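Trainee: Residue numbers 129 to 434, in our numbering, belong to the letters of the sequence shown in order.
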Amino acid sequence: MDAFRNERREVVQDGRTIITEPGRVIIRDPSGMGIVRHNELERFRYGARDIRTQRVGGETRTVVIRPDGSEIITVVGQDGQLMRRIRRDPMGREIIIIDNSYRDPRAVGGYYVDLPPPMVRIPANRYIVESDEASPELIYETMQAPPVDRVERRYSLDEIRYSPNVRMLMPSIDLNTINFDLGSWEITPDQAEKLQVIADGLNRAIQRNPREVFLIEGHTDATGNDTDNLSLSDRRAESAATLLTQQFGVPAENLTSQGYGSQYLKEQTSGPSRFNRRVTVRRITPLLNGGQASLPPPPPGIAPPR
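#1: Could you have a look at residue 359 and say whether DSSP puts it in helix, strand or coil?
#2: Taking buried to mean at least 16 other C-beta atoms within 10 Å of its own C-beta, is residue 278 buried or exposed?
#3: Go ahead and pull the three-state DSSP assignment for residue 458.
#4: Got a sec? Which residues, its chain only, sit under 7 Å from residue 330 by beta carbon, not counting five neighbours each side?
#5: Could you give the distance in angstroms between the alpha-carbon of residue 395 and the alpha-carbon of residue 193?
#6: Would you say residue 149 and residue 135 are within 7 Å of each other, going by their C-beta atoms?
#7: Tell me whether residue 386 is buried or exposed, calling it buried when 16 or more other Cβ atoms sit within 10 Å of its Cβ.
#8: Check residue 294 in the structure and name its three-state DSSP category.
#9: Pull the bridge partners of residue 223 from the DSSP assignment, please.
#10: If you compare alpha carbons, which of 231, 393, 226 is closest to residue 413?
#11: Quick check on the burial criterion: 16 or more other C-beta atoms within 10 angstroms. Buried or exposed for residue 358?
#12: Threshold first: 4 residues or longer. Then list the alpha helix (DSSP H) segments lying entirely within the stretch 271-359, N to C.
#13: For residue 397, which residues in the same chain have their Cβ closer than 8 Å to its Cβ, ignoring the five residues on either side in sequence?
#14: Below 6 Å CB to CB, which residues in the same chain sit around residue 296 once its five sequence neighbours on both sides are set aside?
#15: Using C-beta distances below 8 Å, list every residue in its chain close to residue 239, excluding the 5 sequence neighbours before and after it, in chain order.
#16: If you draw a straight line from the alpha carbon of residue 390 to that of residue 327, how long is it in whole angstroms?
#17: Tell me which same chain residues have a C-beta within less than 7 Å of the C-beta of residue 382, skipping the five on either side of it?
#18: Any C-beta of chain C sitting closer than 7 Å to the C-beta of residue 140?
#19: If you reduce the DSSP assignment to three classes, tell me which class residue 169 lands in.
#20: So for residue 250, helix, strand or coil by DSSP?
#21: With a threshold of 6 Å on Cβ separation, who are the neighbours of residue 210 within its own chain once the five nearest residues in sequence on each side are excluded?
#22: On the CB-based measure, 16 or more other CB atoms within 10 Å of its CB, does residue 470 come out buried or exposed?
#23: To the nearest angstrom, how far is the alpha carbon of residue 234 from that of residue 280?
#24: For residue 385, write down the residues that DSSP places opposite it in a beta bridge.
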């Protein structure tokens with residue numbers, strides 16, 4: 129973190145503090161609450177045969193072409209935020225995995241959604257599953273489990289990322305077989321091999337429904353400053369997502385990652401805690417789809433470059 133800390137640049141725009149560092153942008157609102165963003169395209173480059181980028185109107189479309197001829201198309205807007213993520217198979221058939229351009233008419237303000245905590249009616253150990261104690265079948269069942277409470281509408285990916293009570297509508301799996309060293313986002317080989325059962329569940333779920341989307345969440349303990357912790361947690365989430373793809377073959381496009389710093393401690397302590405330096409997996413497909421089984425029709429637009 130020392131190298132990134134030395135390269136940070138900070139500006140204030142419209143009352144928000146924007147901090148840039150290599151690979152990350154951290155945004156703090158006037159209340160001090162912060163979020164972290166990064167470009168997920170780097171994860172898709174692994175094993176690519178070719179990568180093409182083109183600007184179409186106000187959008188930038190990047191096509192990652194894989195050895196089998198399939199393509200992963202990422203469309204971002206003028207502000208650099210993800211609009212759509214599409215998989216096109218070698219026959220030209222397309223599946224929209226994420227449509228982040230959708231904005232529900234009931235959405236108010238920015239990306240934060242003020243919902244009450246969900247009413248959880250399932251046992252606590254089925255709502256937050258500890259991976260070291262769970263059978264492979266329970267892990268898979270959790271990856272297929274429905275929301276624990278009513279999903280009122282479709283949510284954008286950004287609303288899900290930045291609204292805790294929206295995310296809490298879905299059960300999660302704590303990857304407590306991975307506990308990072310202080311200040312580190314490295315996953316050691318002995319811990320990496322313990323992700324096999326998680327990867328098997330993810331691959332099984334995605335094979336059943338190619339539109340599934342899983343959020344990989346990164347966390348830190350309460351030591352260190354908030355900016356460092358947001359950056360560190362986001363890198364931990366990305367490390368886990370990268371490993372799941374490169375070592376276990378989980379499709380990168382079905383994963384998205386986000387760091388939350390020390391906002392959601394598992395162990396309530398202000399000191400060092402390996403329990404808090406962790407990663408969580410959560411299925412978010414029903415949140416993106418409004419609890420419906422199918423996605424809406426693709427949005428109109430110009431076909432991406434081939």
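Glycine is no exception: its CB is placed at the ideal position from the N, C-alpha and C atoms.
These figures come from a predicted structure and were not determined experimentally.
Mentor: On the basis of the data shown:
#1: Helix.
#2: The residue in question, residue 278, is exposed, as its Cβ has fewer than 16 Cβ neighbours within 10 Å.
#3: Because the chain is modelled from 129 through 434, residue 458 falls outside the range shown and cannot be assessed.
#4: The answer, listed in chain order, is 271, 342, 372, 378.
#5: Going from the Cα of residue 395 to the Cα of residue 193 covers about 43 Å.
#6: Cβ distance < 7 Å, so residue 149 and residue 135 count as in contact.
#7: Residue burial is scored here from C-beta neighbours: residue 386 has at least 16 other C-beta atoms within 10 angstroms and is therefore classed as buried.
#8: Shown here, residue 294 sits in a helix according to DSSP, grouped into three states.
#9: Residue 223 has 215 as its beta-bridge partners, per DSSP.
#10: Looking from the CA of residue 413, the closest CA among 231, 393, 226 belongs to 226.
#11: So residue 358 counts as buried.
#12: Note on the stretch 271-359: whole alpha helix (DSSP H) runs with a minimum of 4 residues are 285-290, 292-295, 317-320, 324-336, in chain order.
#13: Closer than 8 Å at Cβ, skipping near neighbours: 349, 350, 404.
#14: Excluding residues within five positions, the ones whose Cβ falls inside 6 Å are 246.
#15: Excluding sequence positions up to five before and after residue 239, its CB lies within less than 8 Å of the CB of 284, 286, 287, 289, 290, 291, all in the same chain and listed in chain order.
#16: Going from the Cα of residue 390 to the Cα of residue 327 covers about 26 Å.
#17: Around residue 382: 225, 334, 340, 341, 342.
#18: Of the protein chains in this structure there is only one, and it is not chain C.
#19: Of the three classes helix, strand and coil, the one that applies to residue 169 here is helix, per DSSP.
#20: Correct three-state label for residue 250: coil.
#21: Same-chain partners within the cutoff: 204, 228.
#22: Because the chain is modelled from 129 through 434, residue 470 falls outside the range shown and cannot be assessed.
#23: So the alpha carbons of these two residues sit roughly 10 Å apart.
#24: Bridge partners of residue 385: 344.
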